[in-house]
Amino acid sequence: MEATEKDILRGGQFLVKETNCEDVFTLEDLSEEQKMMRESTKEFVDRELWAHWERFEKKDYAYTEETMRKAGELGLLSVAVPESYGGMGMGFVSTMLVCDYISGATGSFSTAFGAHTGIGTMPITLYGTEAQKQKYVPKLASGEWFGAYCLTEPGAGSDANSGKTKAVLSEDGKYYSITGQKMWISNAGFCSLFIVFARIEDDKNITGFIVENDPSNGISLGDEEKKLGIHSSSTRQVFFNETKVPVENMLSDRGNGFKIAMNALNVGRIKLAAACLDAQRRVIGEAAKYANERIQFKTPIVNFGAIKSKLATMATNCYADESAAYRAAKNIEDRIAMREAAGNTHQEAELKGVEEYAIECSILKVAVSEDVQSTADEGIQIFGGMGFSADTPMESAWRDARISRIYEGTNEINRMLAVGMLVKKAMKGHVDLLGPATKVGEELMGIPSFETPDFSELFAEEKDLLKRLKKVFLMVAGSAVQKYGPELENHQQLMLAASDILIEIYMAESAILRTEKNAKRSGEATQATQIAMSKLYLYNATETIIQKGKEAIVSFAEGDEQRMMLMGLKRFTKYTNNPNVVALRTQIADKVAADNGYTFD
1 MEATEKDILR GGQFLVKETN CEDVFTLEDL SEEQKMMRES TKEFVDRELW
51 AHWERFEKKD YAYTEETMRK AGELGLLSVA VPESYGGMGM GFVSTMLVCD
101 YISGATGSFS TAFGAHTGIG TMPITLYGTE AQKQKYVPKL ASGEWFGAYC
151 LTEPGAGSDA NSGKTKAVLS EDGKYYSITG QKMWISNAGF CSLFIVFARI
201 EDDKNITGFI VENDPSNGIS LGDEEKKLGI HSSSTRQVFF NETKVPVENM
251 LSDRGNGFKI AMNALNVGRI KLAAACLDAQ RRVIGEAAKY ANERIQFKTP
301 IVNFGAIKSK LATMATNCYA DESAAYRAAK NIEDRIAMRE AAGNTHQEAE
351 LKGVEEYAIE CSILKVAVSE DVQSTADEGI QIFGGMGFSA DTPMESAWRD
401 ARISRIYEGT NEINRMLAVG MLVKKAMKGH VDLLGPATKV GEELMGIPSF
451 ETPDFSELFA EEKDLLKRLK KVFLMVAGSA VQKYGPELEN HQQLMLAASD
501 ILIEIYMAES AILRTEKNAK RSGEATQATQ IAMSKLYLYN ATETIIQKGK
551 EAIVSFAEGD EQRMMLMGLK RFTKYTNNPN VVALRTQIAD KVAADNGYTF
601 D
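Okay, so the sequence shown: first residue is 1 according to full-length UniProt numbering, each after it adds one.
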C-alpha cells in the first residue's frame, strides 16, 4: 500500500503521536536487492580498506584516492545519483545502507566518501541547472572526478553565513571573480571541482558556485593539515585569488547559498549517523574476539562482569542507533515518494523530504556520533594496554571517531537546532506541542491514578513509560517556552538539557518499535537478546531523562511550580517493575561473546 500524507508522521511528531511498530522500517526489512548491495559493499571494505587499515594511518593519501576510484568503478559513488546522470538512482534507504557499511573500516576513507557523495556531488544534483547536472554529475558519479565543499573559513565555522570570501561580477557580466580563503576542506588534495560559497557585494546571504579546480586560475592549496585522526583524509586550506567562474556556474539563485549549505548539512547529518554505525559493529567484533581470547586469572576476560557490562552497553547503543537511523531514513524515502507522486520534481521532493525530518537528522547526528566515540573508548579499555598501541586498530578507531562530534555542525549546535526547530514547527502549527503540553500541565494538578495496569504483553510497561517520558519533555520544554518565549534560544543550557531528553526518547522508542515488529513477525524467542537490549536502552535513557529533567526544572522554576514539576518528573519516570539491569547486561554480553561479535544487523 502506498504511504499517504496522513500515514506518515511529520518530522518531530513522534513526540505527540503514537507510532505503531508496523509503521517503522528496520534493517530486517531490507529487500533482496538491498541485502546484495550490503554484501558487495562489505566485500569491498574488507578487501580494499580493512585489510590495509595501517596504510590509512600512515597518511597514504594516494591510497585513499585509489580506493575512491575503485569505489567509483563498482558504482558505490553513484547510488544516490539519478539514472539520467549516470547514477543508480536508488532510494534514500539504499544510499544510507551503502554509507553505513562503507564507513566502518577507516574514518579516512569514510570522510573522503562522505565529502564526495554528500556535500561534493549532492548540491549539484539538488540545486543545479539541467546543463550543470549534465556537465558535472556523471563524472562525479563514476569517480572520474571528485568533489569538495568549501564553506568553512578561519572566521566562519558554526556561523557559516558570516564568510568573507567575495565574488565580484566582471564588467562584461560573463564571470565572477572569487577571492578568499577556505579551511578544513576534505578531498582538497585530489578533487576536480569545489562547491564554493562566497558573498556578492553586501548581500545578506552567501551564494554557491561550482568551481573547477584549475591551479592556473588563481587556486592554491595549503599543506595537508596535521590531525588527531582521519590521517589519510586529504584536508587542506584552499585559497582563491581572483578565480574566474563563469556566471552559468552559479549554483541556484544569488543569495541562496546559506539555504543550500543548511539543506546539504541536513542530509549530511543523517548520513554521518549512518557512517558511524559499522564502525561500532567492527569495534564490538574486535573487542569480543579479544575478550574471548585474552586469558587472565586462568579464564577468558569475557567471563568477567566488568567486561560483560561494557560489551552489553556497546551492543545496546549500536542496536538503538541502527533502529533510529533506518526508521528516519525510510520516513524520508516515503516523504520523497509522496512528493514525487504529487508532482514535485525529484530535486524538490528530495529537498523537502529531508528538510521535513531535519529534527531527526540532528538527533541522529548527536546520538550516533557520541555512541561511536564511547564504543571505541570502551574497545580500547577491553584491549587494555594493547588497545593503546598503534599496532591494534582500536587506537585509530578512537581517534577517527572524535571528528564526528564536530563536523556537519557540532553536537552542541545540533542539540540546540533539534529543540529550536521543534519549537518553530509548533509555532507554525506543523506539530501540536501546545495542546499536549497544556494537558500535561492539567495532569500535574490532578490526582494520579493508583491502578496497576496490565503489563502482560511484550513491551506494555516500556511503552507506557515512553508515553510518560514524552510528558517529561512536554512539561520541561512547554514551561520553558511559556517562560522565555522567543528568548529561549538565549538559554542554551536549558535547550541542551531539553535536547538530551528529546534524543533519548527517539532512540529508545526506535529500538523498542524495531524489536516489537520483529517479535510479532518471527516470535519473541527469536528476539530474546534484542528484547533485552531494548529494555536496557530504555532504562539508561530514563536515568538520563531524570538527570536532565531535574537539571532544567531546578534551573528555571521556583517555589510551588518547581515542587510540582519535580513531583511530575518522579511520577512520569517511575517503573512499576524495575528491570534487572545486571541480568539484562549479562544476557546481551553472553550473546555477543558466543557470536564473537555484533550479529543483530
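Think of the CB as a built atom: it goes at the ideal place given N, C-alpha and C, for glycine as much as any other residue.
Is the Cβ-Cβ distance between residue i and residue j less than 8 Å?
i    : j    : result
G285 : Y598 : yes
I505 : T515 : no
E360 : G268 : no
T64  : A80  : no
P436 : L465 : no
K164 : G180 : yes
L49  : A105 : yes
F209 : V168 : no
A148 : G120 : yes
V368 : A325 : yes
F25  : V93  : yes
T316 : M533 : yes
G72  : G143 : yes
F190 : S234 : yes
Y537 : A320 : yes
V354 : R415 : no
With a CB to CB cut of under 6 Å and the five nearest residues on each side skipped, what residues in its chain are close to residue i?
i    : result
E2   : Unreliable placement is indicated for E2, whose pLDDT of 46 sits below 50; the coordinate value is still reported in the next sentence. Excluding residues within five positions, none has a Cβ falling inside 6 Å.
K425 : G12 and V431
W145 : K139 and S192
P393 : W53
F258 : N161, N205 and I206
G57  : The sequence shown places Glu at residue 57, rather than the Gly named in the question. So the qualifying residues of the chain are H231 and S396.
N20  : none
A541 : E504 and A508
Q347 : L126
K520 : none
I want to see whether chain B comes within less than 8 Å of residue i, judged by CB atoms only; does it?
i    : result
S186 : The structure shown contains no chain B, having only a single protein chain.
Using a Cβ-Cβ cutoff of less than 7 Å, which residues in the same chain neighbour residue i once the five nearest sequence positions on both sides are dropped?
i    : result
D601 : L27, R281 and E322
F304 : none
T576 : T452, F455 and E461
T152 : K182, M183 and W184
R294 : P300 and I301
E350 : L126 and I336
T586 : K308
T117 : L77 and A80
Sort out for me which residues DSSP pairs residue i with in a bridge.
i    : result
P436 : Answer is none; P436 lacks a bridge partner.
A528 : Answer by DSSP bridge pairing: none, since A528 is not bridged.
G208 : F197 and L251
I295 : P300
E32  : Looking at the DSSP assignment, E32 forms no beta bridge with any residue, so it has no partner.
E153 : A156
Looking at the unbroken alpha helix (DSSP H) that takes in residue i, where does it start and where does it end?
i    : result
P215 : Careful: P215 lies outside any alpha helix (DSSP H) and carries neither H nor E.
R199 : That residue, R199, is in no alpha helix (DSSP H); its beta strand (DSSP E) goes L193 to I200.
K166 : Premise fails: K166 lies in the beta strand (DSSP E), K166 to L169, not in any alpha helix (DSSP H).
L140 : E130 to S142
L221 : Here L221 belongs to no alpha helix (DSSP H); instead the beta strand (DSSP E) covers I219 to L221.
S456 : Unbroken run through S456: none, as it is neither H nor E.
Y326 : G305 to A341
Q562 : G559 to F572
R402 : P393 to R402
S499 : Q492 to S522
C99  : F92 to I102
Q381 : A358 to F383
D590 : V581 to D595
S108 : G107 to G114
F56  : W53 to E57
T125 : M122 to Y127
T64  : Y61 to E73
Which residue marks the beginning of the beta strand (DSSP E) containing residue i, and which one marks its end?
i    : result
N241 : T235 to P246
Q181 : Y175 to S186
G147 : G147 to C150
For residue i and residue j, which I take to be in contact (beta-carbon distance under 8 Å), what is that distance rounded to the nearest angstrom?
i           : j    : result
residue 606 : G229 : Residue 606 is absent from the structure shown; the chain starts at 1 and stops at 601.
K550        : L566 : 7 Å
R571        : P448 : 6 Å
N187        : A261 : Going by Cβ atoms, the distance from N187 to A261 rounds to 17 Å, so no, they are not a contact pair.
L76         : I102 : 6 Å
G218        : E242 : 5 Å
Ordered along the chain, which non-local residues of its own chain (more than five positions away) have a Cβ less than 8 Å from that of residue i?
i           : result
E39         : none
V472        : I501, I545, G549, G568, L569, F572 and T573
A498        : V419, F473, V476, A477, A480, K548 and A552
residue 628 : What the structure shows of the chain is the stretch from 1 to 601, and residue 628 is not part of that stretch, so it cannot be assessed.
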